[in-house]
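Just so we're aligned: 72 in the UniProt record's numbering is position 72 of the sequence shown, and the numbers increase by one with no gaps anywhere.
We put the CB at the ideal spot given by N, CA and C, even for glycine.
This structure is a prediction, so every number in the text was calculated from the model and none was measured.
Some notes on the structure that comes next.
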Amino acid sequence: MASLKVEDKDVMILRAGYIYRQRTFFKKWKRTWLVVCLGGSVRYYRNRNASRPQKSFDVKNDCIAIKAGKQCKTMLPPKDIDTGCLMEIVMTGDRTLKLCAADPDQSRMWHHAFKRAQSDKQLPTPRHERRNLRPEEIEELEEKRDDCIFATDSCIDIVLQPT
C-alpha cells in the first residue's frame, strides 16, 4: 500500500474559481472550475462540485512561460470579453493551457496566482496573527494548526479551531 505524503505548499490554495478554458479541438471556450495551489499544483474540474479533476499539472515543473493579455497574439477571447483577460500557460511536451478570465481584475489575480505557484515563494504571514505574541504562544498556535488539517480530494484546507 502506497503512502501519501503531502507538502504544506501543495495544500495552500492560492486561487480557485470559474474561468474560461479554450478546448483543444474546435477552439471553443468552456467555463471551468480551476484550482491553483502554492506548491505548483493546478487542477481543473468540470464544475465546482466535481470530485475528480479533468486534468492536473504542476506549473513549478512543467511550465515554460505564462503569457497574459496582448502577449497572447494567436488567441481570440470569448464573446463580450476583452483581449486583456487572456492567459496562455505554455508547458513542456508541446502542451498549452489557454484561459480567459471574466474581467481584467480577475485576470490579474489569476496571473498573480500562476506566477506565485510557479515561483514557489512562501506567502507572508499576516501581521495581526503574530503581533504581540510570545514565542511560546506562536509555537502553541502552530501546533494547534497542525492538529487541525483536514484532507479533501484535491487540496487540503487548514482550519484553526478557536481556543
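What is the residue span of the beta strand (DSSP E) that Arg116 lies within? Your numbering for residue 116 matches position 116 in the sequence shown. Premise fails: Arg116 lies in the alpha helix (DSSP H), Pro104 to Ser119, not in any beta strand (DSSP E).
Check this for me: beta carbons of Ile13 and Val59, under 9 Å apart or not? Taking the first residue of the sequence shown as 1, we reach residue 13 at position 13. Taking the first residue of the sequence shown as 1, we reach residue 59 at position 59. Taking 9 Å as the Cβ cut-off, Ile13 and Val59 do not qualify as a contacting pair.
Val42, enclosing beta strand (DSSP E) - first and last residue: Locating residue 42 in the sequence shown gives position 42, counting from the first residue. Element bounds for Val42: Ser41 to Tyr45.
Based on Cα-Cα distance, which residue from Glu136, Gln118, Leu99 and Glu142 lies nearest to Asn61? For the purposes of this step, residue 61 is identified with residue 61 of the sequence shown, where counting begins at 1. Of the candidates Glu136, Gln118, Leu99 and Glu142, the one whose C-alpha sits nearest the C-alpha of Asn61 is Gln118.
For Val35, list the residues DSSP reports as bridge partners. On the sequence shown, residue 35 is found 35 positions in, with the first residue counted as 1. Ala16 and Arg43, per the DSSP bridge assignment.
In chain order, what residues of the same chain lie with their CB nearer than 6 Å to the CB of Ala101, ignoring the 5 residues before and after it? Taking the sequence shown and counting its residues from 1, one reaches residue 101 at position 101. Answer for Ala101: Ile19, Cys85, Ser107 and Trp110, listed in chain order.
Give every residue of the same chain whose Cβ lies closer than 6 Å to the Cβ of Thr24, excluding the five residues on either side of it in the sequence, and list them in chain order. By 1-based counting over the sequence shown, the position of residue 24 is 24. So no residue of the chain qualifies.
Grouping DSSP H, G and I as helix and E and B as strand, with all else coil, what is Ile66? Looking up residue 66 in the sequence shown gives position 66. Note: Ile66 maps to strand in three-state DSSP.
Thinking C-alpha only, which one of Thr96, Tyr45, Phe57 and Phe114 is nearest Gln74? For the purposes of this step, residue 74 is identified with residue 74 of the sequence shown, where counting begins at 1. Residue 74 is actually Thr in this sequence, not Gln. Measuring from the Cα of Thr74, the nearest candidate turns out to be Thr96.
What is the rounded straight-line gap between the Cα of Leu38 and the Cα of Gly17? If you number the sequence shown from 1, residue 38 lands on position 38. If you number the sequence shown from 1, residue 17 lands on position 17. When rounded, the distance between both Cα atoms is 15 Å.
Could you tell me whether any Cβ in chain B is nearer than 9 Å to the Cβ of Ser119? Checking the listed chains, one finds no chain B in this structure; it contains a single protein chain.
For residue 168, which three-state DSSP category applies? This structure gives no information on residue 168, because the portion of the chain shown stretches from 1 to 163.
When burial is assigned at 16 or more other CB atoms within 10 Å of the CB, is Arg15 buried or exposed? Indexing the sequence shown from 1 puts residue 15 at position 15. Around the beta carbon of Arg15, 16 or more other beta carbons lie within 10 angstroms, which makes this residue buried.
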